[in-house]
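Participant: Would you mind keeping the following structure in view while I ask a few things?
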Amino acid sequence: MGVAQDKIVVRIDEDLAEIAPGYLENRSKDLEQLPRALVEGNFQVLRTLGHRMKGSGAGYGFDGITEIGRAIEEAAKQEDRAGVEQGIAALASYLSRLEVIYE
Amino acid sequence: MPTPDHILVVDDDPDIRTLVGKLLEKNGFRVSKVADGLGLRQILEKSQPDLIILDLMLPDEDGLVLCRNLRSRSNIPVIILSARGEDMDRIIGLEMGADDYLGKPFHPRELLARVKSVLRRARTLPEETQELDANTTYRFAGWVLDVPTRQLYSPKSKKIFLSGGEFALLRVFLNHPNRVLSRDQLLDFSHGREIEPFDRTIDMQVSRLRRRLGDDPKRPALIKTVRSSGYVLAVRVEQGGDVHGTDDPGSGD
Chain A
1 MGVAQDKIVV RIDEDLAEIA PGYLENRSKD LEQLPRALVE GNFQVLRTLG HRMKGSGAGY
61 GFDGITEIGR AIEEAAKQED RAGVEQGIAA LASYLSRLEV IYE
Chain B
1 MPTPDHILVV DDDPDIRTLV GKLLEKNGFR VSKVADGLGL RQILEKSQPD LIILDLMLPD
61 EDGLVLCRNL RSRSNIPVII LSARGEDMDR IIGLEMGADD YLGKPFHPRE LLARVKSVLR
121 RARTLPEETQ ELDANTTYRF AGWVLDVPTR QLYSPKSKKI FLSGGEFALL RVFLNHPNRV
181 LSRDQLLDFS HGREIEPFDR TIDMQVSRLR RRLGDDPKRP ALIKTVRSSG YVLAVRVEQG
241 GDVHGTDDPG SGD
């Protein structure tokens, strides 16, 4: 039996309430695109998606996404499949546990 | 009611365009957003933004080249916003004529503060400095600097490219020939525009300007170092005259 993981609570500026949900939706779409690129061995796409997450996450208040993006970009640069898989798993876990509070 | 400043955001990441656009619009700016160099050119054909926020890694063109081209033909302030955040990337970006450089990820409020700061600096220049020599042509040691076109011609009439920072620095020297200028004064006289407020960057800008002028860095004849004091342009400077009267810029690159 698995152990339920804790929620990740992120408090972000209410000014971003209008656009943050769309940003998270786009990361959910990344969760579809990343495994597909990995199967195809398309490390350039993996690198680009990681790079974008790295550059945008913290700006929206999601520092965790920046860190995961950095890990995916680095793994893709090295063509490290296992590293990319870990990054994808980390992103899935982060998004499923995320609770956003606007303040 | 004043017209809102127009900011052009050039970034291939739609999430960044959305974030920056929202931030700026909420703070009273008018915003255009494009994803690449082509979009940038299209906007510039029909309008003149007050400031450009430029990503470096664009799908169709290198942002640094775009920045350099922009600086060579306009005074629109540029802030580079890039995930290439190493010191050398910043230095190269500033040397290519950017007014400021912010690495990704960034705090939205820091970007907003920098936008306001760069706009403020850009507006200070015309009122306090540009009036003095806006239509001037400087002549020194066979060189010609035509301020209106920001064009430098060598003694052999070759066009020499100057970044925004180099142009600002040379203009300050030409305004104060044969006078020792401290690093602080160089900043003050240039009103900080296009020159970063760090001593090391001033030194680098002087070093690069010397190279542009073909000045031997070990024994400079034009811009001399005055130990513990600063720099001096040690040459007779004349103003006025026709750029093309003695030189043939058509032979340049």
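Heads up: the protein sequence lines correspond to chains A and B, in order.
Residue 24 in this note's numbering sits at position 24 of the first sequence, with consecutive numbering throughout.
Residue 7 in this note's numbering sits at position 7 of the second sequence, with consecutive numbering throughout.
In this text, a Cβ means the ideal position worked out from N, Cα and C, and glycines have one as well.
Given the structure is predicted, the values throughout are model-derived calculations rather than measurements.
#1: Is A:V9 helix, strand or coil by DSSP?
#2: Please decide whether A:D30 counts as near chain B, where near means a Cβ-Cβ distance under 8 Å.
#3: Would you report the Cα separation of B:D253 and B:S82, rounded to the nearest angstrom?
#4: Kindly give me the distance between the Cβ atoms of A:V100 and A:V10, rounded to whole angstroms, as I take these residues to be in contact under 8 Å.
#5: Could you tell me which residues DSSP pairs with B:M57 in its beta bridges?
#6: How close, in whole Å, do the beta carbons of B:T225 and A:I19 come, if the pair is a contact with beta carbons under 8 Å?
#7: Tell me B:G97's beta-bridge partners as DSSP assigns them.
#8: Taking the alpha-carbon positions, what's the A:D30 to B:V147 distance?
#9: Where A:S28 and A:L95 are concerned, what is the direct C-alpha to C-alpha distance, given to the nearest angstrom?
#10: Out of B:M57, B:V206 and B:R139, which has the shortest C-alpha to C-alpha gap to B:G85?
#11: Tell me the rounded alpha-carbon separation between B:D13 and B:G103.
#12: With a cut-off of 8 Å, does the C-beta of B:D15 fall near any C-beta of chain A?
#13: Any C-beta of chain A sitting closer than 8 Å to the C-beta of B:A83?
#14: Which same chain residues, not among the five before or five after B:P108, have their C-beta less than 7 Å away from its C-beta?
#15: From what residue to what residue does the alpha helix (DSSP H) around B:F140 run?
#16: For A:Q44, is the classification buried or exposed, using 16 other Cβ atoms within 10 angstroms of its Cβ as the cut-off for buried?
#17: Please report the straight-line C-alpha distance between B:R210 and B:E95, rounded to a whole angstrom.
#18: For A:T66 and B:R236, what's the separation of their Cα atoms in angstroms?
#19: Determine the burial state of B:Q205: buried for a count of at least 16 other Cβ atoms within 10 Å of its Cβ, exposed for fewer.
#20: Could you have a look at A:K54 and say whether DSSP puts it in helix, strand or coil?
#21: Determine whether the Cβ of B:T3 lies closer than 8 Å to any Cβ atom of chain A.
#22: What is the rounded straight-line gap between the Cα of A:Q106 and the Cα of A:Y60?
#23: Where does B:K46 sit, in a helix, a strand or coil, going by DSSP?
Facilitator: Taking the geometry as given:
#1: As a first step, residue 9 of chain A must be located in the first sequence, where it is residue number 9. It is a strand residue.
#2: Along the first sequence, read from residue 1 onward, the residue named residue 30 of chain A stands at position 30. No, A:D30 does not count as interfacial toward chain B.
#3: The residue given as residue 253 of chain B occupies position 253 in the second sequence. The residue given as residue 82 of chain B occupies position 82 in the second sequence. Low local confidence applies: a pLDDT of 34 at B:D253 is under 50, so the model's placement there is unreliable, and no value is given.
#4: Looking up residue 100 of chain A in the first sequence gives position 100. Looking up residue 10 of chain A in the first sequence gives position 10. 5 Å between Cβ atoms; contact.
#5: Here residue 57 of chain B refers to the residue found at position 57 of the second sequence. Within the DSSP secondary-structure output, B:M57 pairs in a beta bridge with B:D62.
#6: Start at 1 with the first residue of the second sequence, and residue 225 of chain B comes out as number 225. Start at 1 with the first residue of the first sequence, and residue 19 of chain A comes out as number 19. By a beta-carbon distance limit of 8 Å, B:T225 does not contact A:I19. Their separation comes to about 51 Å.
#7: By one-based count along the second sequence, residue 97 of chain B stands at place 97. According to DSSP, B:G97 bridges with nothing at all.
#8: Here residue 30 of chain A refers to the residue found at position 30 when the first sequence is read from its first residue. Here residue 147 of chain B refers to the residue found at position 147 when the second sequence is read from its first residue. Spanning the two alpha carbons is a distance of roughly 50 Å.
#9: Counting from 1 along the first sequence, the entry for residue 28 of chain A is found at position 28. Counting from 1 along the first sequence, the entry for residue 95 of chain A is found at position 95. Between A:S28 and A:L95, the C-alpha separation is close to 8 Å.
#10: On the second sequence, residue 85 of chain B is found 85 positions in, with the first residue counted as 1. Considering only alpha carbons, the answer is B:M57.
#11: Counting from one through the second sequence, the residue named residue 13 of chain B turns up at place 13. Counting from one through the second sequence, the residue named residue 103 of chain B turns up at place 103. The alpha-carbon atoms of B:D13 and B:G103 are separated by roughly 15 Å.
#12: Walking along the second sequence from the start, residue 15 of chain B turns up at place 15. Output row for B:D15: interface = yes.
#13: Mapped onto the second sequence, residue 83 of chain B falls at position 83. Chain A, which has a Cβ nearer than 8 Å to the Cβ of B:A83, makes this yes.
#14: Residue mapping note: residue 108 of chain B aligns to position 108 of the second sequence, counting from 1. Correct list, in chain order: L19 and L23.
#15: To locate residue 140 of chain B, count along the second sequence from 1; it is residue 140. Per DSSP, B:F140 belongs to no alpha helix (DSSP H); it is in the beta strand (DSSP E), T137 to F140.
#16: In the first sequence, residue 44 of chain A corresponds to position 44, counting from 1. With fewer than 16 Cβ atoms within 10 Å of its Cβ, A:Q44 is classed as exposed.
#17: Position 210 of the second sequence, counting from 1, holds the residue named residue 210 of chain B. Position 95 of the second sequence, counting from 1, holds the residue named residue 95 of chain B. Taking the straight line from one Cα to the other gives about 14 Å.
#18: If you number the first sequence from 1, residue 66 of chain A lands on position 66. If you number the second sequence from 1, residue 236 of chain B lands on position 236. Their backbone Cα atoms lie some 55 Å apart in a straight line.
#19: To locate residue 205 of chain B, count along the second sequence from 1; it is residue 205. With 16 or more other CB atoms across the displayed protein chains lying within 10 angstroms of its CB, B:Q205 is buried.
#20: Numbered from its first residue, the first sequence carries residue 54 of chain A at position 54. In this structure, A:K54 counts as helix in the three-state DSSP scheme.
#21: Counting from one through the second sequence, the residue named residue 3 of chain B turns up at place 3. Contacts with chain A at 8 Å (Cβ-Cβ) do not include B:T3.
#22: The displayed coordinates of chain A run from 1 to 103. Any statement about residue 106 of chain A would go beyond what the structure contains.
#23: By 1-based counting over the second sequence, the position of residue 46 of chain B is 46. For B:K46, the three-state secondary structure derived from DSSP is helix.
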